[in-house]
Each structure stands twice: as C-alpha cells, then as structure tokens.
Amino acid sequence: MALRNVRVVEDPILRKKAKIVNKIDDKIKDLLEDMKDTMYKTQGVGLAANQIGILKRLVTIDVNDEHGLLKLINPEILEIKGEQVGPEGCLSIPETQGFVKRPEYVKFKYTDIDGNEQIIEATELLAVCICHEIDHLNGILFTDRALVGEEAEKYERLYNTENRA
C-alpha cells in the first residue's frame, strides 16, 4: 500500500466536515489500508481521512488494546459518560500538546470493511481516541478543545507529579 502525506494545521481541509461513505468498494478498502500504513509509519494511534486530504468519514485506530486495529467507516458516538482529562497531541499539529477534557466512557458504532455495523464500548485511551478522530471528521482539532489558563496549569502540574512518581 501507499504512505500518504499527513496534512498539517494550516491546511484548510482539516477544518472541513467529511462526507458519509455510501459504498464500501476496493477504493475505500485500499484507502483504509493506506491510512493504517501511514498511521503506523508516523507512530500515531489514530488517523482520520481528512488528515490525508480525503473528505470521507473514515478512521483508523490502534491503541494497542484488545480491539487491535480498527478500520472505521462512518463512526458515530451513541453514548458518553463521565470525564477524563489528559494530554493529547496530533499528527496534524506536530510538536504540540494540550490537556483536553474527554468522556471516560464512549459507546460508538461504525461500519466495518465487510459492511457490518459494529458497536464498541470504550474507556481510557480508546475513548479519547475515538472522540479525537470523530472531531477531525467534523473539522475540529484538539487545540479547539484544549484547556487554557489556570485549568490547564492545574492538570499539567497534576500530570507531571503523577509521572515523576
């Protein structure tokens, strides 16, 4: 498969909303394979199609958990609960991190490459990642949601203290 160029923050395509995929054909499967290869090569845990310049609702995720590699077509959040705050980064915003408040629990559905609807309940990193990637599909970057000021400083101190222990 082919490696794709990851678009960076100045690229206007990152601010556009991706379109629903109506037909799962070999082009879509090949694109998801390219996205997987690009995600792994750039050491990401998730990649949305608009990050490589394609306005389709496609995502690849691999947070190294029991789900393994996920190839998501038209992912949609069904339910959220709780709250977690942690550092996030993005392949499209190199060398930038911020603390973002995300749900602790996310139930989401998607269509797999065989055209079957799947539903997954996610917590921790997978919950963060699915929210982050669906935001991409809607033209939203993590920096739009990043905490600022005293709240960000509070979590930064907390995070640094926990990681020194």
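In the numbering used here, each residue carries its 1-based index in the sequence shown increased by 62.
All C-beta atoms, glycine included, are put in the ideal place defined by N, C-alpha and C.
Endpoints, beta strand (DSSP E) assigned at residue i
i	result
Ile-135	132 to 143
Thr-122	120 to 123
Leu-93	Per DSSP, Leu-93 belongs to no beta strand (DSSP E); it is in the alpha helix (DSSP H), 88 to 103.
Leu-109	108 to 110
Continuous alpha helix (DSSP H) stretch holding residue i: start and end
i	result
Arg-207	204 to 207
Residue of the options minimising C-alpha distance to residue i
i	options	result
Leu-188	Leu-109, Asn-222 and Ile-82	Leu-109
Arg-164	Glu-218, Glu-213, Glu-145 and Gly-201	Glu-145
Lys-98	Pro-156, Asn-222 and Asn-67	Asn-67
Tyr-221	Leu-131, Ala-184 and Val-147	Val-147
Tyr-102	Glu-212, Asn-126, Lys-216 and Arg-77	Asn-126
Ile-182	Lys-133, Ile-114, Lys-118 and Gln-113	Lys-133
Phe-161	Ile-196, Lys-118 and Thr-205	Thr-205
Ile-196	His-129, Leu-117, Glu-212 and Glu-218	Leu-117
Ala-80	Ile-202, Glu-141, Glu-215 and Glu-212	Ile-202
Val-168	Glu-186, Gly-177 and Glu-218	Glu-186
His-129	His-194, Lys-216, Pro-74 and Gln-180	Gln-180
Buried/exposed call for residue i, threshold 16 Cβ in 10 Å
i	result
Ala-64	exposed
Val-71	exposed
Asn-200	exposed
Glu-157	exposed
Ile-114	buried
Thr-223	exposed
Gly-106	buried
Asp-124	buried
Ile-192	buried
Asp-96	buried
Beta-bridge partners of residue i, as assigned by DSSP
i	result
Arg-164	Gln-146
Leu-188	The partner list for Leu-188 (beta bridge, DSSP) is empty, contrary to what the question assumes.
Lys-169	Glu-141 and Glu-183
Cys-152	Ile-155
Lys-81	Lys-118
Between the segment 150 to 164 and the segment 133 to 141, do at least 3 Cβ pairs fall closer than 8 Å?
no
Are at least three pairs of beta-carbons, each pair with one atom in the segment 164 to 183 and one in the segment 84 to 97, less than 8 Å apart?
yes
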